[in-house]
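To keep things clear, I will list the structure first and then write my remarks on it.
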Amino acid sequence: MDLRYPERVARFADEVRAFVRKELPPEIRDKVQRRQKVSVEEVKLWQSKLCSRGWACPGWPKEHGGPGFDALERMIFDNVTNEEGAPTVVPFGEVMFAPVLFAVGSPEQKAHFLPKIRTLDYWFCQGFSEPGSGSDLASLRTRAVLEGDEWVINGQKMWTSGAHNANYIFMLVRTDPDAKLQEGISMLVFPMSTPGVTVRPIVTMDGEHHTNETFFDNVRVPKTAMIGEVNKGWTYAKLLLGHERTSIARIGQSKRELGRLKALASEQSTNGLPLMNHAPFRDRVAAVEIELMALEITAMRAIAKGGSPGVEANLLKVKGSELQQRLTELFMDAAGPYGLPFDPERGLENGNEPIGFDEAASLGPNYLMTRVVTIYGGSNEIQRNIVSKTLGL
Ligand SMILES: Cc1cc2nc3c(=O)[nH]c(=O)nc-3n(C[C@H](O)[C@H](O)[C@H](O)COP(=O)(O)OP(=O)(O)OC[C@H]3O[C@@H](n4cnc5c(N)ncnc54)[C@H](O)[C@@H]3O)c2cc1C
7 MDLRYPERVA
17 RFADEVRAFV
27 RKELPPEIRD
37 KVQRRQKVSV
47 EEVKLWQSKL
57 CSRGWACPGW
67 PKEHGGPGFD
77 ALERMIFDNV
87 TNEEGAPTVV
97 PFGEVMFAPV
107 LFAVGSPEQK
117 AHFLPKIRTL
127 DYWFCQGFSE
137 PGSGSDLASL
147 RTRAVLEGDE
157 WVINGQKMWT
167 SGAHNANYIF
177 MLVRTDPDAK
187 LQEGISMLVF
197 PMSTPGVTVR
207 PIVTMDGEHH
217 TNETFFDNVR
227 VPKTAMIGEV
237 NKGWTYAKLL
247 LGHERTSIAR
257 IGQSKRELGR
267 LKALASEQST
277 NGLPLMNHAP
287 FRDRVAAVEI
297 ELMALEITAM
307 RAIAKGGSPG
317 VEANLLKVKG
327 SELQQRLTEL
337 FMDAAGPYGL
347 PFDPERGLEN
357 GNEPIGFDEA
367 ASLGPNYLMT
377 RVVTIYGGSN
387 EIQRNIVSKT
397 LGL
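Anchor point for the sequence shown: position 318 equals 324 in the working numbering, and the numbering is continuous, going up by one each time.
In structure tokens, the structure reads:
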């Protein structure tokens, strides 16, 4: 079997690589590679470069302002930009919400939102989970009641990542409490500045503020905030979550981390030998590399199939997230004692000297934060349930 890319695709990969190396400011690339926080302004700067090149929103068709990549180009683009240290796409608007708009958004909603998602003028968060409604999302209780021309929203969302930076939210609300659980849910989109919205930070165990609790107290939004039809939100959420799960596989990012792991393990020595030359460690690195290749090929097959991601999205999420975690475990082993000192206040962003080698400061927090990838986007146990149901097991 010939696993090489066709000539035209290999040329495209070279073109993307050359573009990133020329246009991505080195200080942003260094931050990404050293796992430091990239600011909203830096992400927007990179997005503006992609917009100028016509490569913003790589998954979008031309008619909606995307580059119209085919499946293979799309995959290559994601992988190469990630390998080269470009900031990770903020998925909420571009990857998750936009495909729902393509499918069921009104002409006015498409015209209003899509150009602003493309430029990142609109920065979204996702209000799905609630206390007690995570895996069992269909039980969500946040209510929206129609009063005249307005929906009035009351309730609480949990784990609204990036809500503190977002200017818009798309969320699931219960619009028919008497219907079967899945049939009484709708999707609304509105500005975070709407009166009655309160965001309260949650600091995760890596010491950072990524996520929040968000409260809705008599929040009034116009009827036009409804996406698609009333009580069809569950169908749209499934479409959206398929795209979220595919993006969580993060193959390009894992390839970049694998390269850095090998470099680190070649620099660190144990008993006078580079760690990379120790067979047990090398075997673990090789196993991850092989599984990553297999994941990439599986992702290509899923993308090449076309249409909305199906059960393949669940498989990619499970495998991709597990590999991300295994890489962080190998990094911690390679760092030895330098992986341990961890004080969020001493982050390198604050101008502090690293303890041990340069990259060490980010490894502990990254290890801790990466525990979340098997939970968010739907926990891996739930993904496995879906796969087994689809296979009729
Ligand atoms: C850091 C972080 C960021 C997040 N960001 C967002 C966001 O931006 N927007 C958003 O809407 N949500 C977000 N989430 C929420 C995330 O999707 C949920 O945490 C996830 O779906 C799990 O739900 P839960 O936390 O309520 O856990 P639970 O559903 O209570 O599950 C607890 C445990 O039980 C297991 N379990 C539950 N049911 C079953 C079952 N039927 N079979 C087998 N095992 C089961 C689960 O796998 C898990 O291990 C985020 C979560 C975290 C931690």
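All C-beta atoms in this analysis are idealised placements derived from N, C-alpha and C, irrespective of residue type, glycine included. In this text the structure is predicted, and so the values were computed from the model without any measurement.
Sub-8 Å separation of residue i and residue j beta-carbons
i: residue 270; j: residue 340; result: yes
i: residue 249; j: residue 207; result: no
i: residue 224; j: residue 197; result: no
i: residue 22; j: residue 93; result: no
i: residue 178; j: residue 164; result: no
i: residue 399; j: residue 333; result: no
i: residue 254; j: residue 320; result: no
i: residue 106; j: residue 245; result: yes
i: residue 230; j: residue 166; result: no
i: residue 46; j: residue 242; result: no
Same chain, Cβ closer than 7 Å to residue i, neighbours up to 5 away in sequence not counted
i: residue 309; result: 77, 80 and 81
i: residue 89; result: 258, 261 and 262
Residue interval of the alpha helix (DSSP H) (run including residue i)
i: residue 180; result: First-last for residue 180: 174–180, but that is the beta strand (DSSP E), not the alpha helix (DSSP H).
i: residue 341; result: 317–341
i: residue 200; result: Where residue 200 is concerned, there is no enclosing alpha helix (DSSP H), given that its DSSP letter is neither H nor E.
i: residue 286; result: 285–310
i: residue 119; result: 113–124
i: residue 102; result: That residue, residue 102, is in no alpha helix (DSSP H); it is neither H nor E in DSSP.
i: residue 55; result: 46–59
Close Cβ partners of residue i (< 8 Å) along its chain, the five nearest in sequence each way excluded
i: residue 123; result: 63, 99, 100, 103, 104 and 130
i: residue 232; result: 157, 192, 193 and 194
i: residue 67; result: 74 and 108
i: residue 298; result: 257, 260, 261, 264 and 329
i: residue 116; result: 70, 107 and 108
Residue i: first and last residue of the uninterrupted beta strand (DSSP E) it sits in
i: residue 265; result: No beta strand (DSSP E) contains residue 265, which is instead part of the alpha helix (DSSP H) from 257–273.
i: residue 370; result: First-last for residue 370: 366–375, but that is the alpha helix (DSSP H), not the beta strand (DSSP E).
i: residue 132; result: 130–133
i: residue 238; result: That residue, residue 238, is in no beta strand (DSSP E); it is neither H nor E in DSSP.
i: residue 149; result: 149–153
Residue i to residue j span [Cα, whole Å]
i: residue 211; j: residue 375; result: 7 Å
i: residue 293; j: residue 218; result: 36 Å
i: residue 303; j: residue 369; result: 28 Å
i: residue 183; j: residue 190; result: 6 Å
i: residue 295; j: residue 149; result: 47 Å
i: residue 152; j: residue 379; result: 37 Å
i: residue 10; j: residue 16; result: 9 Å
i: residue 214; j: residue 13; result: 44 Å
i: residue 373; j: residue 127; result: 31 Å
i: residue 287; j: residue 273; result: 14 Å
Beta-carbon contacts of residue i that lie in its chain and below 6 Å, excluding the five residues immediately before and after
i: residue 19; result: 82 and 86
i: residue 60; result: 73
i: residue 39; result: 91
i: residue 50; result: 126
Closer than 7 Å: residue i CB and nearest ligand 2 heavy atom
i: residue 195; result: As for ligand 2, it is missing from this structure, which binds only ligand 1.
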